[in-house]
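To start, the structure under review is shown below, and the notes come after it.
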Amino acid sequence: MRTLLTIIGCALLATGCTTTPKRPVAEASEQAVPHDITAGQARLAAQLYPKLAEAAEPNDNLFISPLSLSEGIGLALSGARGQAEAEMRTLLGWDAATRPELGIWDYDRFLTRTGDDKVALSVANALWLSDRLNFTPDYLRAASDGFGATARAVDFGGDPQGSADTINGWVSEQTRERITKIVDASGFNDLTAAVLTNAVWFKADWSVPFEDGSSGEFTRGDGTKKDIYLMERIAPMAYRETRDGQAVALPYGKDGRFTMEVFLPKDMATLRRWERDLDSLSFNLATQGSDGKFDLGAAEEREILLRLPRFEARFDDSVKAALIAAGMPCAFSAGCADFSGMAAEPLKIDDVAHATFLRVDEKGTEAAAVTAVKIVVTASRRLPDDLPQMIVDRPFLLTIRDRASGALIFFGRIADPTQVEKAE
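Quick note: to get the working numbering, add 3 to the position in the sequence shown (first position is 1).
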């Protein structure tokens, strides 16, 4: 079997890659979905994904949630000012005039009111704030009113393990234990100001379940092959085929509001070109490749035989380097970042961690995603001008002695110290 590229946007994690549902969902808001939020997710994916793909190994699973990433970064945007804010708005596609960040909570409620007992989607935001800093009331209000974010004070410096356990416990609960860790205690200290988190969980049954299949062969990115079980379905489906490859839409639930879209390139060269040339239009119209289009939203259904792997996949990595390369460097730079809308202390983003989970089987799909934006203080407290300072940054002498007896147990010069890991 040829290499499979599965781009699962709004189907799983609401990237907005399909057209507006043809039939309204009874319990969903009748308000139109804000175009700038949905289009912004596609823009973020189109800018960020190629950077991640460029750095990935051929056999790496690269599965992200533009919904989770945009809301996690959006929580930081609400406290950003100046160039940092401008870069973040450009990458997210959130215009300063319309301020989409004010309506994220309403947007999430629209998404999660699926109106279908076969489809479940949850989205949650939370702020984990250092109990040693004072965060501005305006920022806390913006996060609460705009994102529905809860806020909790934690002691990053005094109790790093407890802080990590608290955050990871929330992550595990929100993702139904599909993702159990997003932060590590070793990353927390007195300069940790906040961790801003988003969690997404999705579970849905296929509108038409798969039948039993058979064992098959899957060709990985490096050309090696592995055995895998391939599910089967013979049924009418929205299907398109071009000289670049094939595409199919697989709806969930009773009305097909949520759907998985699978894009299968003809070869690895085509896959690499698709990943390199993504743009926001390609997500919104399910269009892939410069030479061929897959407009699945307008595709007529036709009966086909589909064989799809039954599988699980995970992604868990920092997306900091990719965000910087995609056009958001200022927020990570101590000399440029301005988060004065969040707190009086000089702050910057230290890292953005992102983790996802995906399971596909005969019954349906389960997926989860978490984004954690770590904010740090860029400068320690100001020291008194007359405070003596001893910076041991050149060769020195030391002794180890017993002050009671005067015994000189060790003595010597240290001219080339070897760095070691922090003691457990």
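For glycine and all other residues, C-beta sits at the position ideal for the given N, C-alpha and C. Since this is a predicted model, take the numbers as computed values, not measurements.
Bridge partners for residue i per DSSP, in chain order?
i	result
residue 323	DSSP lists no partner for residue 323.
residue 249	244, 267
residue 232	218
residue 200	129, 375
residue 351	379
residue 227	Residue 227 pairs with nothing; no bridge assigned.
residue 238	307
residue 415	401
residue 337	Residue 337 pairs with nothing; no bridge assigned.
residue 260	In DSSP, residue 260 forms no bridge with anything.
residue 281	Partner(s): none; residue 281 has no beta bridge.
residue 421	Answer is none; residue 421 lacks a bridge partner.
residue 332	Per DSSP, none; premise fails for residue 332.
residue 312	233
residue 318	359
residue 254	262
DSSP state of residue i, grouped into three classes?
i	result
residue 346	strand
residue 273	helix
residue 213	coil
residue 293	Per-residue confidence for residue 293 stands at a pLDDT of 41, beneath the threshold of 50, marking its modelled position as unreliable; the derived number appears in the next sentence. The answer is coil: DSSP assigns residue 293 none of H, G, I, E or B.
residue 208	strand
residue 66	coil
residue 3	Outside the shown range of the chain (4 to 427) lies residue 3, about which nothing can therefore be said.
residue 407	coil
residue 367	strand
residue 191	coil
residue 396	coil
residue 149	helix
residue 61	coil
residue 30	Per-residue confidence for residue 30 stands at a pLDDT of 38, beneath the threshold of 50, marking its modelled position as unreliable; no derived number is given.
With residue i as the anchor, note down where its alpha helix (DSSP H) starts and where it stops.
i	result
residue 173	163–177
residue 75	69–80
Can you check whether the CB of residue j is closer than 8 Å to the CB of residue i?
i	j	result
residue 130	residue 194	no
residue 185	residue 48	no
residue 157	residue 133	yes
residue 124	residue 234	no
residue 94	residue 346	no
residue 254	residue 305	no
residue 119	residue 256	yes
residue 316	residue 159	no
residue 152	residue 177	no
residue 91	residue 80	yes
residue 112	residue 371	no
residue 74	residue 128	yes
residue 84	residue 344	yes
residue 367	residue 252	no
residue 69	residue 86	no
residue 375	residue 356	yes
residue 228	residue 247	no
residue 216	residue 231	no
residue 62	residue 276	no
residue 429	residue 322	Because the chain in this structure spans residues 4 to 427, residue 429 falls outside the shown range and cannot be described.
residue 236	residue 264	no
How would you write the range of the beta strand (DSSP E) that residue i sits in, first residue to last?
i	result
residue 49	Not the beta strand (DSSP E): residue 49 falls in the alpha helix (DSSP H), residues 38–58.
residue 157	153–157
Closest Cβ-Cβ distance between residue i and chain D: below 8 Å?
i	result
residue 167	The structure shown contains no chain D; it holds only a single protein chain.
> Which runs of the alpha helix (DSSP H) fall wholly inside the region 84–146 and span at least 4 residues, in chain order?
Replying inline: Counting only runs of at least 4 residues, the region 84–146 fully encloses the following alpha helix (DSSP H) elements, listed from N- to C-terminal order: 85–95, 107–115.
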